[in-house]
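Notes for the one structure printed next.
Numbering (full-length UniProt numbering), first residue to last: 1 to 287.
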(Lines of atoms letter the chains of each structure in order from A and count residues from 1; the text may use other names and numbers.)
(Lines give C-alpha, C1' and ligand atoms only; values in the text may rest on other atoms or scores of the structure.)
Protein backbone atom coordinates (compact mmCIF):
# COMPACT_ATOMS: atom_id res chain seq x y z
CA UNK A 1 0.00 0.00 0.00
CA UNK A 2 2.82 2.37 0.93
CA UNK A 3 4.64 1.51 -2.29
CA UNK A 4 1.51 2.27 -4.33
CA UNK A 5 1.13 5.67 -2.66
CA UNK A 6 4.78 6.50 -3.27
CA UNK A 7 4.40 5.41 -6.91
CA UNK A 8 1.35 7.64 -7.36
CA UNK A 9 3.06 10.63 -5.73
CA UNK A 10 6.12 10.15 -7.91
CA UNK A 11 3.97 9.94 -11.06
CA UNK A 12 2.06 13.03 -9.98
CA UNK A 13 5.30 14.99 -9.56
CA UNK A 14 6.53 13.84 -12.96
CA UNK A 15 3.20 14.74 -14.56
CA UNK A 16 3.24 18.17 -12.89
CA UNK A 17 6.78 18.87 -14.10
CA UNK A 18 5.97 17.75 -17.64
CA UNK A 19 2.85 19.93 -17.63
CA UNK A 20 4.89 22.94 -16.51
CA UNK A 21 7.50 22.29 -19.20
CA UNK A 22 4.74 22.00 -21.83
CA UNK A 23 3.16 25.26 -20.71
CA UNK A 24 6.50 27.08 -20.69
CA UNK A 25 7.39 25.80 -24.18
CA UNK A 26 3.91 26.70 -25.45
CA UNK A 27 4.24 30.18 -23.96
CA UNK A 28 7.53 30.85 -25.70
CA UNK A 29 6.23 29.46 -28.99
CA UNK A 30 3.30 31.86 -28.80
CA UNK A 31 5.56 34.71 -27.72
CA UNK A 32 7.90 34.16 -30.66
CA UNK A 33 5.09 33.99 -33.21
CA UNK A 34 4.77 37.38 -34.84
CA UNK A 35 4.53 39.36 -38.04
CA UNK A 36 7.86 41.07 -38.71
CA UNK A 37 6.98 44.32 -40.50
CA UNK A 38 9.29 46.93 -42.02
CA UNK A 39 8.08 50.30 -43.26
CA UNK A 40 10.43 51.94 -45.78
CA UNK A 41 10.64 55.62 -44.79
CA UNK A 42 10.58 57.49 -47.05
CA UNK A 43 9.16 55.25 -49.77
CA UNK A 44 11.87 54.17 -52.20
CA UNK A 45 11.28 55.26 -55.81
CA UNK A 46 13.16 54.78 -59.05
CA UNK A 47 12.24 55.83 -62.60
CA UNK A 48 13.08 53.75 -65.66
CA UNK A 49 14.92 55.50 -68.46
CA UNK A 50 12.82 55.75 -71.61
CA UNK A 51 15.56 55.49 -74.24
CA UNK A 52 17.74 52.60 -73.13
CA UNK A 53 19.59 51.59 -70.00
CA UNK A 54 19.59 49.23 -67.06
CA UNK A 55 19.78 49.32 -63.28
CA UNK A 56 20.52 46.39 -60.99
CA UNK A 57 20.24 45.87 -57.21
CA UNK A 58 17.67 48.64 -56.79
CA UNK A 59 16.62 48.01 -53.17
CA UNK A 60 17.45 44.94 -51.06
CA UNK A 61 14.58 43.17 -49.28
CA UNK A 62 16.05 41.55 -46.16
CA UNK A 63 13.13 40.17 -44.17
CA UNK A 64 14.97 39.09 -41.02
CA UNK A 65 17.74 41.73 -41.05
CA UNK A 66 20.55 39.17 -41.12
CA UNK A 67 22.47 40.98 -43.86
CA UNK A 68 21.39 38.55 -46.57
CA UNK A 69 18.75 39.87 -48.94
CA UNK A 70 15.98 37.54 -50.00
CA UNK A 71 14.84 39.71 -52.93
CA UNK A 72 15.69 42.82 -54.94
CA UNK A 73 14.58 44.60 -58.12
CA UNK A 74 16.17 45.49 -61.44
CA UNK A 75 15.05 47.01 -64.71
CA UNK A 76 16.23 47.20 -68.30
CA UNK A 77 15.15 49.24 -71.32
CA UNK A 78 16.43 48.13 -74.71
CA UNK A 79 15.72 51.44 -76.41
CA UNK A 80 15.11 51.87 -80.16
CA UNK A 81 14.00 50.41 -82.41
CA UNK A 82 11.70 48.15 -80.39
CA UNK A 83 11.77 50.10 -77.11
CA UNK A 84 11.17 46.93 -75.11
CA UNK A 85 11.39 47.37 -71.34
CA UNK A 86 11.27 45.04 -68.35
CA UNK A 87 10.91 45.51 -64.58
CA UNK A 88 12.02 42.42 -62.64
CA UNK A 89 11.91 41.21 -59.06
CA UNK A 90 15.12 39.29 -58.41
CA UNK A 91 15.69 36.56 -55.84
CA UNK A 92 18.61 35.45 -53.71
CA UNK A 93 18.40 31.73 -54.41
CA UNK A 94 16.24 28.95 -55.87
CA UNK A 95 14.32 28.56 -52.60
CA UNK A 96 13.21 32.20 -52.72
CA UNK A 97 10.00 32.11 -54.72
CA UNK A 98 7.26 34.53 -55.72
CA UNK A 99 3.52 34.25 -56.30
CA UNK A 100 2.95 33.97 -60.06
CA UNK A 101 0.05 34.39 -62.47
CA UNK A 102 0.72 30.86 -63.65
CA UNK A 103 3.48 28.70 -65.04
CA UNK A 104 3.50 30.28 -68.52
CA UNK A 105 6.51 32.31 -69.62
CA UNK A 106 6.85 35.29 -71.93
CA UNK A 107 8.63 35.21 -75.27
CA UNK A 108 11.81 36.09 -73.37
CA UNK A 109 11.43 33.23 -70.90
CA UNK A 110 10.47 35.00 -67.69
CA UNK A 111 7.35 34.33 -65.64
CA UNK A 112 4.89 37.00 -64.48
CA UNK A 113 4.17 38.03 -60.89
CA UNK A 114 0.56 38.14 -59.71
CA UNK A 115 -0.54 41.51 -58.25
CA UNK A 116 -2.28 40.82 -54.95
CA UNK A 117 -4.77 43.12 -53.27
CA UNK A 118 -4.91 43.81 -49.54
CA UNK A 119 -6.12 40.94 -47.34
CA UNK A 120 -5.57 38.21 -49.91
CA UNK A 121 -4.19 35.09 -48.24
CA UNK A 122 -0.59 34.24 -49.03
CA UNK A 123 -0.03 30.52 -48.50
CA UNK A 124 0.75 27.28 -50.29
CA UNK A 125 -2.42 27.52 -52.40
CA UNK A 126 -0.89 30.19 -54.67
CA UNK A 127 1.22 29.36 -57.73
CA UNK A 128 4.86 29.63 -56.63
CA UNK A 129 8.11 29.76 -58.52
CA UNK A 130 10.86 31.88 -60.05
CA UNK A 131 12.54 32.09 -63.44
CA UNK A 132 15.42 33.42 -65.52
CA UNK A 133 15.07 36.11 -66.56
CA UNK A 134 13.56 36.97 -63.20
CA UNK A 135 9.76 37.29 -62.85
CA UNK A 136 8.25 40.50 -64.18
CA UNK A 137 6.57 43.26 -62.21
CA UNK A 138 5.76 44.60 -65.65
CA UNK A 139 7.10 44.50 -69.19
CA UNK A 140 6.22 45.91 -72.60
CA UNK A 141 5.90 42.80 -74.77
CA UNK A 142 3.29 40.60 -73.07
CA UNK A 143 1.85 41.94 -69.81
CA UNK A 144 2.13 45.43 -68.29
CA UNK A 145 0.97 43.68 -65.09
CA UNK A 146 1.38 45.96 -62.01
CA UNK A 147 1.66 49.07 -64.19
CA UNK A 148 -1.06 51.60 -63.41
CA UNK A 149 -2.87 49.42 -60.83
CA UNK A 150 -1.90 51.51 -57.81
CA UNK A 151 -0.67 49.82 -54.63
CA UNK A 152 -0.37 46.05 -54.98
CA UNK A 153 1.37 43.28 -53.05
CA UNK A 154 3.92 40.74 -54.23
CA UNK A 155 3.54 37.43 -52.41
CA UNK A 156 6.80 35.75 -51.45
CA UNK A 157 7.82 32.37 -50.06
CA UNK A 158 11.41 31.92 -48.96
CA UNK A 159 13.70 29.86 -46.77
CA UNK A 160 15.84 30.92 -43.83
CA UNK A 161 17.94 27.92 -42.90
CA UNK A 162 15.66 24.93 -43.37
CA UNK A 163 12.43 26.77 -42.54
CA UNK A 164 9.95 28.18 -45.08
CA UNK A 165 8.22 31.52 -44.53
CA UNK A 166 5.48 33.51 -46.26
CA UNK A 167 5.49 37.28 -46.69
CA UNK A 168 4.62 40.25 -48.89
CA UNK A 169 6.20 43.32 -50.49
CA UNK A 170 4.07 46.42 -51.15
CA UNK A 171 4.87 48.18 -54.44
CA UNK A 172 3.40 50.68 -56.86
CA UNK A 173 4.40 50.70 -60.54
CA UNK A 174 3.01 53.80 -62.23
CA UNK A 175 2.03 54.38 -65.84
CA UNK A 176 5.15 56.53 -66.16
CA UNK A 177 7.26 53.52 -65.12
CA UNK A 178 8.13 54.75 -61.65
CA UNK A 179 8.59 51.86 -59.22
CA UNK A 180 7.84 52.63 -55.57
CA UNK A 181 8.66 50.09 -52.86
CA UNK A 182 6.81 50.96 -49.65
CA UNK A 183 7.04 48.19 -47.06
CA UNK A 184 7.32 44.46 -46.50
CA UNK A 185 6.54 41.83 -43.87
CA UNK A 186 6.62 38.11 -43.15
CA UNK A 187 5.14 35.66 -40.68
CA UNK A 188 8.01 34.52 -38.46
CA UNK A 189 6.26 31.22 -37.73
CA UNK A 190 7.46 28.70 -40.35
CA UNK A 191 4.89 27.51 -42.90
CA UNK A 192 2.20 29.86 -41.56
CA UNK A 193 0.20 32.04 -43.96
CA UNK A 194 0.01 35.82 -43.94
CA UNK A 195 -2.53 38.22 -45.40
CA UNK A 196 -1.33 40.76 -47.95
CA UNK A 197 -0.80 43.93 -45.93
CA UNK A 198 -0.93 42.20 -42.54
CA UNK A 199 1.37 43.91 -40.02
CA UNK A 200 0.56 42.27 -36.69
CA UNK A 201 -0.87 39.12 -35.19
CA UNK A 202 -4.07 40.06 -33.40
CA UNK A 203 -3.98 37.08 -31.08
CA UNK A 204 -1.93 34.08 -30.07
CA UNK A 205 -4.55 31.53 -31.03
CA UNK A 206 -5.38 31.85 -34.70
CA UNK A 207 -6.61 28.27 -34.75
CA UNK A 208 -9.26 29.21 -32.23
CA UNK A 209 -10.20 32.22 -34.35
CA UNK A 210 -10.71 29.94 -37.33
CA UNK A 211 -12.91 27.62 -35.30
CA UNK A 212 -14.95 30.58 -34.11
CA UNK A 213 -15.73 31.75 -37.66
CA UNK A 214 -18.83 29.56 -37.50
CA UNK A 215 -20.15 31.71 -34.64
CA UNK A 216 -20.80 34.51 -37.13
CA UNK A 217 -23.49 34.20 -39.78
CA UNK A 218 -23.27 34.72 -42.69
CA UNK A 219 -19.53 34.56 -43.21
CA UNK A 220 -18.50 35.95 -45.69
CA UNK A 221 -21.07 38.70 -45.20
CA UNK A 222 -22.37 41.54 -47.35
CA UNK A 223 -24.03 44.11 -45.09
CA UNK A 224 -25.09 42.46 -41.84
CA UNK A 225 -23.91 39.70 -39.49
CA UNK A 226 -25.60 37.76 -36.73
CA UNK A 227 -23.53 37.15 -33.60
CA UNK A 228 -23.77 34.41 -30.93
CA UNK A 229 -26.75 34.39 -28.56
CA UNK A 230 -24.96 35.78 -25.49
CA UNK A 231 -23.10 38.59 -27.30
CA UNK A 232 -23.31 42.05 -25.78
CA UNK A 233 -20.53 44.10 -27.41
CA UNK A 234 -18.23 43.66 -30.39
CA UNK A 235 -15.09 45.43 -31.62
CA UNK A 236 -13.89 45.17 -35.23
CA UNK A 237 -10.15 45.21 -36.05
CA UNK A 238 -8.48 45.15 -39.46
CA UNK A 239 -5.57 42.79 -40.19
CA UNK A 240 -3.00 45.40 -39.10
CA UNK A 241 -4.53 45.51 -35.61
CA UNK A 242 -6.22 48.88 -36.04
CA UNK A 243 -9.60 49.23 -34.35
CA UNK A 244 -12.24 50.01 -36.97
CA UNK A 245 -15.48 50.24 -34.99
CA UNK A 246 -17.38 49.21 -31.87
CA UNK A 247 -20.98 48.06 -31.74
CA UNK A 248 -23.44 47.24 -28.99
CA UNK A 249 -25.32 44.04 -29.73
CA UNK A 250 -29.08 44.23 -29.22
CA UNK A 251 -31.53 41.42 -28.56
CA UNK A 252 -31.71 40.57 -32.28
CA UNK A 253 -27.90 39.93 -32.27
CA UNK A 254 -27.47 41.59 -35.67
CA UNK A 255 -24.77 44.15 -36.50
CA UNK A 256 -24.77 46.38 -39.59
CA UNK A 257 -21.43 46.23 -41.44
CA UNK A 258 -22.45 48.05 -44.62
CA UNK A 259 -19.99 50.89 -43.92
CA UNK A 260 -16.99 48.56 -43.72
CA UNK A 261 -14.70 48.17 -46.71
CA UNK A 262 -14.40 44.71 -48.21
CA UNK A 263 -11.70 42.67 -46.52
CA UNK A 264 -10.84 40.50 -43.55
CA UNK A 265 -11.61 41.57 -39.98
CA UNK A 266 -11.02 40.14 -36.53
CA UNK A 267 -13.98 40.50 -34.18
CA UNK A 268 -13.52 40.66 -30.42
CA UNK A 269 -16.92 39.62 -29.05
CA UNK A 270 -17.78 40.20 -25.40
CA UNK A 271 -20.52 38.06 -23.93
CA UNK A 272 -23.00 38.74 -21.15
CA UNK A 273 -21.10 36.38 -18.85
CA UNK A 274 -17.94 38.53 -19.22
CA UNK A 275 -16.10 36.23 -21.63
CA UNK A 276 -14.31 37.39 -24.80
CA UNK A 277 -14.32 35.42 -28.03
CA UNK A 278 -12.30 36.22 -31.17
CA UNK A 279 -13.54 35.32 -34.63
CA UNK A 280 -12.54 36.11 -38.20
CA UNK A 281 -15.04 37.77 -40.54
CA UNK A 282 -14.78 38.34 -44.27
CA UNK A 283 -16.72 41.30 -45.69
CA UNK A 284 -17.48 40.83 -49.38
CA UNK A 285 -19.99 43.12 -51.07
CA UNK A 286 -19.66 41.31 -54.41
CA UNK A 287 -19.98 37.58 -53.72
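Note that beta-carbon positions come from the ideal geometry of N, C-alpha and C, so glycine has one too.
Note that the structure is a prediction, hence the values are computed from the model and not measured.
Measure the C-alpha to C-alpha separation of residue i and residue j and round it to an integer number of angstroms.
| i | j | result |
| --- | --- | --- |
| residue 278 | residue 68 | 37 Å |
| residue 281 | residue 104 | 34 Å |
| residue 74 | residue 60 | 10 Å |
| residue 81 | residue 50 | 12 Å |
| residue 134 | residue 224 | 45 Å |
| residue 92 | residue 166 | 15 Å |
| residue 235 | residue 162 | 39 Å |
| residue 83 | residue 77 | 7 Å |
| residue 110 | residue 143 | 11 Å |
| residue 149 | residue 136 | 15 Å |
| residue 283 | residue 267 | 12 Å |
| residue 260 | residue 128 | 32 Å |
| residue 272 | residue 265 | 22 Å |
| residue 262 | residue 285 | 6 Å |
| residue 71 | residue 64 | 12 Å |
| residue 232 | residue 218 | 18 Å |
| residue 194 | residue 141 | 32 Å |
| residue 123 | residue 270 | 31 Å |
| residue 54 | residue 173 | 17 Å |
| residue 183 | residue 106 | 28 Å |
| residue 158 | residue 164 | 6 Å |
| residue 145 | residue 160 | 29 Å |
| residue 99 | residue 114 | 6 Å |
| residue 275 | residue 230 | 10 Å |
| residue 364 | residue 62 | This structure does not reach residue 364, given that the chain is present from 1 up to 287, and the question cannot be answered. |
| residue 168 | residue 192 | 13 Å |
| residue 147 | residue 171 | 10 Å |
| residue 66 | residue 153 | 23 Å |
| residue 36 | residue 220 | 28 Å |
| residue 52 | residue 58 | 17 Å |
| residue 199 | residue 253 | 31 Å |
| residue 249 | residue 185 | 35 Å |
| residue 247 | residue 38 | 32 Å |
Quick one: using the 10 Å Cβ neighbour count with 16 as the cut-off for buried, is residue i buried or exposed?
| i | result |
| --- | --- |
| residue 245 | exposed |
| residue 251 | exposed |
| residue 189 | buried |
| residue 88 | buried |
| residue 258 | exposed |
| residue 125 | exposed |
| residue 132 | exposed |
| residue 139 | buried |
| residue 118 | buried |
| residue 112 | buried |
| residue 108 | exposed |
| residue 41 | exposed |
| residue 90 | buried |
| residue 187 | buried |
| residue 86 | buried |
| residue 238 | buried |
Which residue or residues does DSSP assign as beta-bridge partners of residue i?
| i | result |
| --- | --- |
| residue 104 | According to DSSP, residue 104 bridges with nothing at all. |
| residue 289 | Outside the shown range of the chain (1 to 287) lies residue 289, about which nothing can therefore be said. |
| residue 260 | In DSSP, residue 260 forms no bridge with anything. |
| residue 54 | 76 |
| residue 98 | 129, 156 |
| residue 270 | 233, 276 |
| residue 45 | 180 |
| residue 243 | 237 |
| residue 225 | 255 |
Mind reading off the beta-carbon distance from residue i to residue j? Whole number of angstroms is fine, and I expect it under 8 Å.
| i | j | result |
| --- | --- | --- |
| residue 196 | residue 241 | Not really, about 15 Å apart at Cβ, beyond 8 Å. |
| residue 201 | residue 34 | 6 Å |
| residue 94 | residue 56 | No, residue 94 and residue 56 are not in contact; Cβ-Cβ is about 19 Å, not under 8 Å. |
Count the C-beta pairs between the stretch 171-181 and the stretch 38-56 that are closer than 8 Å, then say yes if the count reaches three, no if not.
-> yes
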